[in-house]
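Student:
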Amino acid sequence: MRTWPTHWSRVIVVAILCLLAPLTKANAAADPALAYETVEPSRIKMGETAVIRVVSLDGYLENIQLPTVPGLSFEIMGRVQGLEFVNGKSIPASYILIRVTPQFAGVFTIPGLTPKSATVGLEVYTGDAPNPYAWRSEKPAATPPPMSKAPVPKGIQLRAGGAAFVQLVVPTRPVYVGESVPVDIELGIRPGIVTSLNGPPALTGSDFTLNNLSKEPLRRNQVIEGSPFLVMTWHSALAAVKPGDFSLSVQTPISVKLNTRSAEDQEFAARLGWPFSQIPYNGVAPKDVTIDSPASALKVLSLPKEGRPNDFSGAVGEFQVSSDTSSTRVAAGDPLTLRLHITGVGNFDRVDATMFDHLEHWKTYPAKSTFTASDPAGDKGEKVFEQPLIAGQPGEQSIPALEFSYFNPNTQHYERAQTQPIKVIVAASLADSSLGAPAEAAGGPNGVLMSQAARGLRADHPQPRSSVSELRPLYFQAPFLAVPAALALILAGSLFAVRPHPGRVASKAAERALAQLDAAARSGDPASFFEMARKALQQTFVARWQISPDQITGSELQARLGAAGEDVERLFALADEAKYSKYEAGATDFQRWLKVIRGQLLGDGR
Amino acid sequence: MRARNTIAMLIMGLALCGGLALAQTPETAQPSQPSQQRYSADGLYNLANSFARAGKPGLAVLNYERAALLAPGDADINANLEYVRATAHVSAEPRNRFARVAEAVSPALAAWLGVLGIALVGAGLLARKMTPRFRWARIGGVLVGVALIALTVSNAMLLRPRMRAAVILVNQTPARVSPVPMGDTAFILPEAETVTMTAEHEDFVLIRTRGGLSGWVARANLGAVVP
Chain C
1 MRTWPTHWSR
11 VIVVAILCLL
21 APLTKANAAA
31 DPALAYETVE
41 PSRIKMGETA
51 VIRVVSLDGY
61 LENIQLPTVP
71 GLSFEIMGRV
81 QGLEFVNGKS
91 IPASYILIRV
101 TPQFAGVFTI
111 PGLTPKSATV
121 GLEVYTGDAP
131 NPYAWRSEKP
141 AATPPPMSKA
151 PVPKGIQLRA
161 GGAAFVQLVV
171 PTRPVYVGES
181 VPVDIELGIR
191 PGIVTSLNGP
201 PALTGSDFTL
211 NNLSKEPLRR
221 NQVIEGSPFL
231 VMTWHSALAA
241 VKPGDFSLSV
251 QTPISVKLNT
261 RSAEDQEFAA
271 RLGWPFSQIP
281 YNGVAPKDVT
291 IDSPASALKV
301 LSLPKEGRPN
311 DFSGAVGEFQ
321 VSSDTSSTRV
331 AAGDPLTLRL
341 HITGVGNFDR
351 VDATMFDHLE
361 HWKTYPAKST
371 FTASDPAGDK
381 GEKVFEQPLI
391 AGQPGEQSIP
401 ALEFSYFNPN
411 TQHYERAQTQ
421 PIKVIVAASL
431 ADSSLGAPAE
441 AAGGPNGVLM
451 SQAARGLRAD
461 HPQPRSSVSE
471 LRPLYFQAPF
481 LAVPAALALI
491 LAGSLFAVRP
501 HPGRVASKAA
511 ERALAQLDAA
521 ARSGDPASFF
531 EMARKALQQT
541 FVARWQISPD
551 QITGSELQAR
561 LGAAGEDVER
571 LFALADEAKY
581 SKYEAGATDF
591 QRWLKVIRGQ
601 LLGDGR
Chain B
607 MRARNTIAML
617 IMGLALCGGL
627 ALAQTPETAQ
637 PSQPSQQRYS
647 ADGLYNLANS
657 FARAGKPGLA
667 VLNYERAALL
677 APGDADINAN
687 LEYVRATAHV
697 SAEPRNRFAR
707 VAEAVSPALA
717 AWLGVLGIAL
727 VGAGLLARKM
737 TPRFRWARIG
747 GVLVGVALIA
757 LTVSNAMLLR
767 PRMRAAVILV
777 NQTPARVSPV
787 PMGDTAFILP
797 EAETVTMTAE
807 HEDFVLIRTR
817 GGLSGWVARA
827 NLGAVVP
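Here the protein sequences come in this chain order: C and B. Numbering of the first sequence is given in this note's numbering, commencing with residue 1 and proceeding in unit increments. Numbering of the second sequence is given in this note's numbering, commencing with residue 607 and proceeding in unit increments.
#1: Which whole-angstrom value is the C-beta distance of G346(C) and A315(C), which I expect to be below 8 Å?
#2: Is G381(C) close to chain B? Criterion is C-beta to C-beta, closer than 8 Å.
#3: Give, in chain order, every residue of the segment 354-369 of chain C whose Cβ lies closer than 8 Å to some Cβ of chain B.
#4: I want to verify the contact list: residues of chain C whose CB lies under 8 Å from the CB of R644(B), in sequence order.
#5: Over the uninterrupted alpha helix (DSSP H) stretch that includes K595(C), give me the two end residues.
#6: Identify the contact partners of A331(C) in chain B, using a Cβ-Cβ distance below 8 Å as the criterion.
#7: Can you check whether the CB of G728(B) is closer than 8 Å to the CB of L491(C)?
#8: In chain C, which residues lie less than 9 Å from G751(B) when you measure between Cβ atoms?
#9: Taking the alpha helix (DSSP H) that Y670(B) belongs to, which residues open and close that run?
#10: Got a sec: is the Cβ-Cβ distance from I794(B) to anything in chain C below 8 Å?
#11: When you compare the CB positions of P335(C) and P833(B), do they come within less than 8 Å of one another, or not?
#12: Looking at the strands, I want to know which residues DSSP matches up with H501(C).
#13: How about R416(C) and P243(C): do their beta carbons lie closer than 8 Å?
#14: G438(C) CB to nearest chain B CB: under 8 Å?
#15: Determine, using beta carbons only, whether L168(C) and V183(C) come nearer to each other than 8 Å.
#16: Under the three-state reduction of DSSP, which class applies to Q551(C): helix, strand or coil?
#17: Which same chain residues, not among the five before or five after Q157(C), have their C-beta less than 7 Å away from its C-beta?
#18: Please name the residue or residues paired with G344(C) in a DSSP beta bridge.
#19: By a C-beta neighbour count over all protein chains shown, 10 Å radius and 16 as the cutoff for buried, is R173(C) buried or exposed?
#20: Classify E613(C) as buried or exposed, calling it buried when 16 or more other Cβ atoms lie within 10 Å of its own Cβ.
#21: On the premise that Y365(C) lies in contact with A577(B), defined as a C-beta separation below 8 Å, what is that separation, rounded to the nearest angstrom?
#22: Output needed for V175(C): all residues of its chain with C-beta closer than 8 Å, excluding positions within five of it in sequence on either side, in chain order.
#23: Please list the partners that R672(B) has in chain C, where partner means a Cβ-to-Cβ separation under 8 Å.
#24: Spell out a yes or no on whether the segment 61-72 of chain C and the segment 102-110 of chain C are touching, meaning 3 or more CB-CB pairs, one atom from each, closer than 8 Å.
#25: Would L203(C) and L213(C) qualify as a contact pair, given that the criterion is a beta-carbon distance under 8 Å?
#26: Three-state secondary structure (DSSP) at V483(C)?
#27: Applying a beta-carbon distance threshold of less than 8 Å, which residues of chain C neighbour M769(B)?
#28: Would you say I390(C) faces chain B, with C-beta separation under 8 Å as the test?
#29: Just by C-beta distance, which residues in the segment 733-749 of chain B are closer than 8 Å to chain C?
#30: Note down, in chain order, each residue of its chain lying with its Cβ closer than 7 Å to the Cβ of N198(C), except the 5 sequence neighbours on either side.
#31: Please classify W593(C) as buried or exposed, where buried requires at least 16 neighbouring CB atoms within 10 angstroms.
#32: Taking T758(B) as part of the alpha helix (DSSP H), name the residues at either end of that continuous run.
#33: For S327(C), which residues of its own chain have a beta-carbon under 7 Å away from its beta-carbon, when the five flanking residues on both sides are left out?
#34: Just to make sure I have the definition right: I need the residues of chain B whose C-beta is within less than 7 Å of the C-beta of L340(C). Which are they?
#35: In angstroms with no decimal places, state the Cα-to-Cα distance between G664(B) and S760(B).
#36: Could you give the first and the last residue of the continuous beta strand (DSSP E) run that contains D185(C)?
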């Protein structure tokens, strides 16, 4: 009788169970929660939509409140009743389908829509380029490529339930501070179980700097412990910032479906191989975890102080330098580009432009540098400095040799690289030679054109007889502007000089009034005489005392003139008397009053 | 009598001051050093002609511009300047009638006419203070003086922009967005183009074209009309 091996019977039973397992959407046996949600697909392009499927296994799902996530809009598509198969048992389930529409690209976290459900992640990208750091199990290894049966790499420690590992490979020899050391970072993930890579690997601690990792790591497939792994490798370079003994490791954030089945089941499923090995993970919500690599020891030595050049800027490696110029013949004032090429291996970020500091007799501008790496790690390549130079003086000039100091870790000594001097012929600039006769005839296309056109020029003028030393017009020259300015000042002074003097004006008016009074006295007209006399005196007093005519009273006159005030007051009274009562005055009276009036008009001015 | 003495002294002072200033003006100043550059309209014109014959339109236009500064009414200078510009395919801004009138006299003559105008206006005002006679003569003198001053001011206003003018001397001169040799090129200038200098920074000059474009040009690639 033919008997089946025991393990083959178990194979058949488990295979039947596994064929049913993909239909399940919840891992009810492992997860006591009776509601969960999934988003499919979990990575979409801008303009596409995803669907959140909220599943409830404990009866009708009440209305749920749509979440608020900036950048995402949610819309309930409908409800569905159905059955979920869990461990071969059918359980009534209630579904709510929600459409998710992104408004911009990014990685979004959608909170759980029921108290029992966990958060889900959605990544939205633009363009057609795939996210280099995202690996999705949308096609769960339907057609797995042929895999190499590589042995388990030494030093690998599987993390995240055996679904991933990360490894840092560093040199075993001691390195120097600042030295650029090539390192390899390997990250292995199990497709279908690790759902996404949430960032590039990063060094732990701050004692080292790591070059930017490539966004396109090398990829290969490898079987490790019977499971297929996608292994990504980054070639990079790190540099230590201080000496000492260090322990290095890298960390990588991933999202992984953590298997909670028994070890026996896992072992059995793994023995079945793909696709049965995937079955235990179906329906498990992914979880964000960070895995780290085993620690790698690295000894960092300090740079020797002995023999350190003064111009050492921290460059460590092996370098060669050379230089050239954009042209060896320039006009004075024309810019010239000096290019300095530094090639080799090392920390090019410490190779600076201080070697241009010794370019005497040349006007320099800030140099521009570009680095072209020749290996993925970025520690080999060529750095080119472009230094614009301007020669101020015409003649044969020399760009001196440029020196560059660095520390060579292979020879463990400081070394110096040097360029050769470059000779440059600097001609006088066109602007400087604009007043000199052209030395050469027409040459080139423009010259030929102008020579032909020169036939249409008008003839030269005879030799000039007069010349000036300044092209600037006279009225824009300060010495000449002194002429109109002085003329204007003199004319203003003259106008000031001929202005009428107030004292002289009053004196002339007084003389005119006395002449008129004298004439009236000779004619024997007392009315006119006294009236004119009062008017002249009032005008004089008003101007002299700065008061109004109404204020000139008898008391005011006596107060200001004393005894003479009485005469003036008497004269004012005679003026009224002569005007209204035919006052008759003799020649003696006229002379006496003329004397009084003259004394007041031409008097001491009190 | 005293006022007239004062005026006489002031006039003597004016004559002395004017004589000193005249002695300082470049028209009569003797070169203190043998190497000092001397300019004449005819000399610059002949030099520009030689540059034009040698196929250097930039230097030709530059020297025609300088010659025109000294003798704006010279028909030969203007004709050859327009001719060289046309040959080099460079356009120039046409002068309006006002500019032609104001630039009919040379700047040197306009400067002295302005001085004469100030003297006429001042003398007319002074005479009015001193005597009421010759009223129409006084008014006429003041009006003529004002006209002469206006002529000088107009001439100066028209020539003032040319104090900052420059001519591109190198064909395909790049005008950069920043005053550094590695600055990005904003536009290209043809040789013999006349531009306006608006600012300077080390070895570069910020220029503005007639079309309103601005950019930094290496100082060695252009020549200022007034050096």
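Idealized CB from N, CA, C, for every residue including glycine.
Tutor: Short version:
#1: Looking up residue 346(C) in the first sequence gives position 346. Looking up residue 315(C) in the first sequence gives position 315. Between A315(C) and G346(C) the Cβ distance is about 6 Å, and since that is below 8 Å, they are a contact.
#2: Mapped onto the first sequence, residue 381(C) falls at position 381. By this cut-off, G381(C) is not an interface position.
#3: K363, Y365, P366 and K368
#4: On the second sequence, residue 644(B) is found 38 positions in, with the first residue counted as 1. S467, V468 and S469, listed in chain order.
#5: By one-based count along the first sequence, residue 595(C) stands at place 595. Run containing K595(C): A587 to L601, per the alpha helix (DSSP H) assignment.
#6: Reading the first sequence from its first residue, position 331 is the one you call residue 331(C). Those are A826, listed as they occur along chain B.
#7: Reading the first sequence from its first residue, position 491 is the one you call residue 491(C). Reading the second sequence from its first residue, position 122 is the one you call residue 728(B). Yes; because the gap between Cβ atoms is below 8 Å, this pair is in contact.
#8: Counting from one through the second sequence, the residue named residue 751(B) turns up at place 145. Here the premise fails: no neighbours, minimum Cβ distance about 11 Å.
#9: Taking the first residue of the second sequence as position 1, residue 670(B) is located at position 64. Y670(B) -> alpha helix (DSSP H) spans P663 to L676.
#10: Against the second sequence, residue 794(B) aligns to sequence position 188. It does not; no Cβ of chain C falls within 8 Å.
#11: Translated into the one-based positions of the first sequence, residue 335(C) becomes position 335. Translated into the one-based positions of the second sequence, residue 833(B) becomes position 227. For P335(C) and P833(B), no; Cβs fall outside 8 Å.
#12: To locate residue 501(C), count along the first sequence from 1; it is residue 501. Looking at the DSSP assignment, H501(C) forms no beta bridge with any residue, so it has no partner.
#13: Locating residue 416(C) in the first sequence gives position 416, where the first residue counts as 1. Locating residue 243(C) in the first sequence gives position 243, where the first residue counts as 1. No.
#14: Counting from 1 along the first sequence, the entry for residue 438(C) is found at position 438. Strictly speaking, residue 438(C) in this sequence is Pro, with Gly absent from that position. Closer than 8 Å: yes.
#15: Within the first sequence, numbered from 1, the residue matching residue 168(C) stands at position 168. Within the first sequence, numbered from 1, the residue matching residue 183(C) stands at position 183. It is a contact, given that the beta carbons lie within the stated cut-off.
#16: The residue given as residue 551(C) occupies position 551 in the first sequence. If DSSP states are grouped into helix, strand and coil, Q551(C) belongs with the helices.
#17: The residue you call residue 157(C) lines up with position 157 of the first sequence. Once the five neighbours on either side are set aside, the close Cβ partners of Q157(C) are F165 and P294.
#18: Position 344 of the first sequence, counted from the start, is the residue given in the question as residue 344(C). G344(C) pairs with F319(C) and G381(C).
#19: Here residue 173(C) refers to the residue found at position 173 of the first sequence. Its Cβ having fewer than 16 others within 10 Å, R173(C) is exposed.
#20: As displayed, chain C neither begins before 1 nor continues past 606, which places residue 613(C) out of reach and without an answer.
#21: In the structure as shown, chain B starts at 607 and stops at 833, and residue 577(B) therefore has no counterpart that could be examined.
#22: Here residue 175(C) refers to the residue found at position 175 of the first sequence. Only V181, A240, L298, K299, V300, L301 and P409 meet the Cβ criterion.
#23: Reading the second sequence from its first residue, position 66 is the one you call residue 672(B). Simply L471.
#24: yes
#25: To locate residue 203(C), count along the first sequence from 1; it is residue 203. To locate residue 213(C), count along the first sequence from 1; it is residue 213. Taking 8 Å as the Cβ cut-off, L203(C) and L213(C) do not qualify as a contacting pair.
#26: Position 483 of the first sequence, counted from the first residue, corresponds to residue 483(C). In this structure, V483(C) counts as helix in the three-state DSSP scheme.
#27: For the purposes of this step, residue 769(B) is identified with residue 163 of the second sequence, where counting begins at 1. Under the 8 Å cutoff, chain C gives R472 and F476.
#28: Looking up residue 390(C) in the first sequence gives position 390. Yes - at least one Cβ of chain B is within 8 Å of the one on I390(C).
#29: K735 and M736
#30: As a working note, residue 198(C) is residue 198 in the first sequence. The residues are P253, I254, S255 and D288.
#31: Along the first sequence, read from residue 1 onward, the residue named residue 593(C) stands at position 593. W593(C) should be labelled buried.
#32: What you label residue 758(B) is simply residue 152 of the second sequence in a count that begins at 1. T758(B) -> alpha helix (DSSP H) spans R741 to L765.
#33: On the first sequence, position 327 is the one that residue 327(C) refers to. Excluding positions up to five away in sequence, the list reads L336.
#34: Against the first sequence, residue 340(C) aligns to sequence position 340. Per Cβ cutoff of 7 Å: no residues; L340(C) is ~15 Å from chain B at best.
#35: As a first step, residue 664(B) must be located in the second sequence, where it is residue number 58. As a first step, residue 760(B) must be located in the second sequence, where it is residue number 154. Answer to the nearest angstrom: the Cα atoms are 29 Å apart.
#36: What you label residue 185(C) is simply residue 185 of the first sequence in a count that begins at 1. The identity of residue 185(C) in the sequence shown is Ile, whereas the question assumes Asp. Here the beta strand (DSSP E) through I185(C) covers V181 to I189.
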